[in-house]
Amino acid sequence: MECGKVNEISRCGIPINLRVFAVLRQNPSIPKLVRPANRRGTVPKIIVEIMPKQDLLDPQGKAVSNALHRAGNKSISNVRIGKRIELHFEHEVTAADLENAKALAASFLSNDVIEDVVNVFKEV
Amino acid sequence: MKIGVITYPGTLDDRDAQRAIRLAGGTPVPLWHSDSDLKKVDAVVLPGGFSYGDYLRCGAIAAQAPATQEVVKLAAQGLPVLGICNGFQVLVEAHLLPGGLIRNEKQHFICRDQKLRVENNQTAWTNLFDKDQEITIPLKNGEGGYIASKETLKMLEAENRVVFRYLDLNPNGSMNDIAGLTNERGNVLGLMPHPEHAVEPGFGPDTDIAMRSGIDGLKFFESVLKALVNA
Chain A
0 MECGKVNEIS RCGIPINLRV FAVLRQNPSI PKLVRPANRR GTVPKIIVEI
50 MPKQDLLDPQ GKAVSNALHR AGNKSISNVR IGKRIELHFE HEVTAADLEN
100 AKALAASFLS NDVIEDVVNV FKEV
Chain B
0 MKIGVITYPG TLDDRDAQRA IRLAGGTPVP LWHSDSDLKK VDAVVLPGGF
50 SYGDYLRCGA IAAQAPATQE VVKLAAQGLP VLGICNGFQV LVEAHLLPGG
100 LIRNEKQHFI CRDQKLRVEN NQTAWTNLFD KDQEITIPLK NGEGGYIASK
150 ETLKMLEAEN RVVFRYLDLN PNGSMNDIAG LTNERGNVLG LMPHPEHAVE
200 PGFGPDTDIA MRSGIDGLKF FESVLKALVN A
C-alpha cells in the first residue's frame, strides 16, 4: 500500500492533508511553500484606535458588561467597546505615512459626531 | 422626468424605489455605485438596505462611491436628492446632511408602520403634503437613532429643517423625535422610514378604511415630479 500518492488515499490511515503535504515535500519539482515576509507580526503597520463618544450609549459594551456581571465580575463597573484598525505597509512606515493615517482616521475611518479617535501610532 | 436610483453592493430597496417612481408617473433610471455618470437624471434616490454590509459605519463606504460623489456635486447645484434609511445614512456620511445615526436606543431592529408629522412642506420632496399633516409609512431599521450636537439641533430647529417627526412613539431614541431632515436649500431630504413601501393600495400600511391601503409615501415622489415641472 502506497500512502504517498494523493489518488490512493482511501485505504490509508493517515489524514489526507498530511499525506498531501508529504508529497509536496518529497517532490522537488513542486516549489516550496514560502510564507510571505509581511505576515502578521512582522509587517510595518500603523494602528488607529477609535472609541464611541463618552456620552453616547455603547450598546455592545453594555451587553458585555451585563454578561460579565451575571458571571460574578462585580468589580467591573462598565465596559466600552471600540475599534482597532491596522493599516499595513509594504515599506517601513514614514512620518508622511503617519500624517496621512491621522488625516484618514479623522475623516473616513471615524465620524466625529459619534466617535473619537483615541490614538494613531506606528507599531514597533 | 427621469429619477435615478443608485444601487450599491448590499442595497435592498432599489427596485421598490423604482416602482414608486413609476407609480407616481416618473421614469426610474437605475444607476450603479461605481459609475460617476448619473445619466442626466432630474433627481436621485439613495435607497435603503445595508450597503457594504454596514462595514466601518452605516453608509460610510457608500458615501465614498463615485456615484455618491457626483450626487454631492450636483446637490450643491440644486439636484433633488432623497435618501431613505441607509440612503439617509449615506447622505449624513457624505456631509450633505448634519449629524449622525447610531444603533437604536433599545438595541432592537424595529419594523413597524410608523406615524409621522410633516413639519416642513416646502422641500422638493414634501410640497404636496399639508403642514402638520400626519402620515403613516413603514419603518425598518437597526441604526436609526438620530444624534447631533446641541448647536446643530438648535440650528436645524431654527431653520425649520426638521421635515418629519415621529408621532405617538419614538422608535429609536432619535433626538427631538427627528425622523427626517433637509439641507439649507430644501433639495436634499433624508429620512429613516420608507415612503417607497407605501405607494400602492393593497401593499401599504393598514388604514382606518381598509387593510394595507396606505399610500402616504406616494406623495414624496409626486412632490418631486411637481417641483421639477415647476422648476
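Chains as they are written, first to last, in numbering that gives the first Met the number 0: chain A, 0 to 123; chain B, 0 to 230. Ideal Cβ placement from N, Cα and C applies to all residues, glycine included. Remember, predicted model here, so these are calculated numbers, not experimental data.
Worksheet entry | Which listed residue (Leu-127(B), Gly-203(B), Gly-25(B), Phe-220(B)) has its alpha carbon closest to that of Ser-249(B) | Residue 249(B) falls outside the range modelled here, since chain B spans only 0 to 230, and no answer is possible.
Worksheet item: Going along the chain, which residues of the segment 145 to 173 of chain B sit with their C-beta nearer than 9 angstroms to a C-beta in chain A?
Response: Hits within the stretch, in order: Ile-146, Ala-147, Ser-148, Thr-151, Gly-172.
Worksheet item: Hey, out of Asn-229(B), Val-228(B), Thr-135(B), whose CA is closest to Asp-234(B)'s CA?
Response: Chain B is shown from 0 up to 230; residue 234(B) falls before or after that span and cannot be answered.
Worksheet item: Within this structure, are the beta carbons of Gly-98(B) and Thr-181(B) separated by less than 8 angstroms?
Response: In this structure, Gly-98(B) keeps its C-beta atom at 8 angstroms or more from the C-beta atom of Thr-181(B).
Discussion item. Only counting the same chain, and skipping five residues up and downstream in sequence, which positions put a Cβ closer than 8 angstroms to that of Cys-67(B)?
Written reply: The question names Cys, yet the displayed sequence has Thr at residue 67(B). Counting only Cβ-Cβ distances below 8 angstroms, and skipping sequence neighbours, we find Ile-5, His-32, Leu-45, Ala-61, Val-89, Ala-93.
Item to complete: Could you tell me the distance, in whole angstroms, from the CA atom of Leu-155(B) to the CA atom of Asp-96(A)?
Response: Straight-line spacing of the CA atoms in Leu-155(B) and Asp-96(A) works out to 38 angstroms.
Worksheet item: Which bits of chain A does Arg-102(B) rub up against, with CB to CB less than 7 angstroms?
Response: Pro-58, listed in chain order.
Fill in: Terminal residues of the alpha helix (DSSP H) in which Val-42(A) lies
Under the DSSP assignment, Val-42(A) falls outside any alpha helix (DSSP H); it carries neither an H nor an E label.
Practice prompt. Determine the chain B residues that contact Val-63(A) at a beta-carbon separation under 9 angstroms, and present them in chain order.
Written response: Correct list: empty, because the minimum Cβ distance to chain B is about 12 angstroms.
Worksheet item: Which whole-angstrom value describes the C-beta separation of Asn-85(B) and Gly-172(B), a residue pair presumed to lie in contact below a C-beta threshold of 8 angstroms?
Response: Wrong, their Cβ atoms sit about 18 angstroms apart, outside the cutoff.
Worksheet item: With a cut-off of 8 angstroms, does the C-beta of Leu-45(B) fall near any C-beta of chain A?
Response: Leu-45(B) does not count as touching chain A.
Discussion item. For Val-170(B) and Ile-109(B), what's the separation of their Cα atoms in angstroms?
Written reply: Here the sequence assigns Pro to residue 170(B), which means Val is not the residue at that position. Their Cα atoms are separated by approximately 7 angstroms.
Discussion item. Is it the case that the segment 2 to 18 of chain B contacts the segment 101 to 121 of chain A, given that we only count it when at least three CB pairs across the two stretches are under 8 angstroms?
Written reply: With the cut-off at 8 angstroms, the segment 101 to 121 of chain A and the segment 2 to 18 of chain B do not touch.
Fill in: Run of the beta strand (DSSP E) containing Phe-163(B), from where it starts to where it stops
Phe-163(B): member of the beta strand (DSSP E) spanning 161 to 165, first to last residue.
Discussion item. With a threshold of 8 angstroms between beta carbons, is Leu-103(A) in contact with chain E?
Written reply: Of the protein chains in this structure, namely A and B, none is chain E.
Worksheet item: DSSP beta-bridge partners for Asp-41(B)?
Response: Per DSSP, Asp-41(B) has no beta-bridge partner at all.
Worksheet entry | Beta-carbon separation (whole angstroms), Val-63(A) vs Ile-46(A), contact threshold 8 angstroms | Contact doesn't hold; Cβ gap of about 22 angstroms is too wide.
Item to complete: Check each candidate in Ala-226(B), Phe-87(B), Ala-59(B), Asn-229(B) and name the one with the smallest Cα separation from Pro-194(B).
Response: In terms of Cα proximity to Pro-194(B), the closest of Ala-226(B), Phe-87(B), Ala-59(B), Asn-229(B) is Phe-87(B).
Worksheet item: Any chance the segment 111 to 121 of chain A sits against the segment 22 to 32 of chain B, with 3 or more Cβ pairs inside 8 angstroms?
Response: No: the two stretches stay apart, fewer than three of their Cβ pairs being nearer than 8 angstroms.
Worksheet item: Along chain B, which residues have their Cβ under 8 angstroms away from the Cβ of Leu-55(A)?
Response: In chain order: Ile-101, Ile-146.
Worksheet entry | Helix, strand or coil at Glu-7(A) [DSSP, three-state] | Low per-residue confidence applies at Glu-7(A): pLDDT is 45, beneath 50, and the placement is therefore not dependable, though the value from the model is reported in the following sentence. DSSP, reduced to helix, strand and coil, places Glu-7(A) within a helical segment of the structure shown.
Worksheet item: In three-state DSSP terms, what is Cys-2(A)?
Response: Note on Cys-2(A): pLDDT 48, under 50, position unreliable in the model; the coordinate value appears next. Correct three-state label for Cys-2(A): coil.
Practice prompt. With DSSP as the reference, label Phe-120(A) as helix, strand or coil.
Written response: DSSP, read as helix, strand or coil, puts Phe-120(A) in strand.
Discussion item. Just to confirm my understanding: we take Ile-49(A), look at its own chain, exclude 5 residues before and 5 after, and list those with CB closer than 6 angstroms. What are they?
Written reply: Within its own chain, the residues whose Cβ lies closer than 6 angstroms to the Cβ of Ile-49(A), once the five positions on either side in sequence are excluded, are Gly-81, Lys-82, Ser-109, Glu-114, Val-116, listed in chain order.
Item to complete: Write down the C-beta distance between Asn-120(B) and Asp-112(B) rounded to the nearest angstrom, noting that I regard them as a contact closer than 8 angstroms.
Response: Here Asn-120(B) is actually not in contact with Asp-112(B); their C-beta atoms are around 21 angstroms apart, not less than 8 angstroms.
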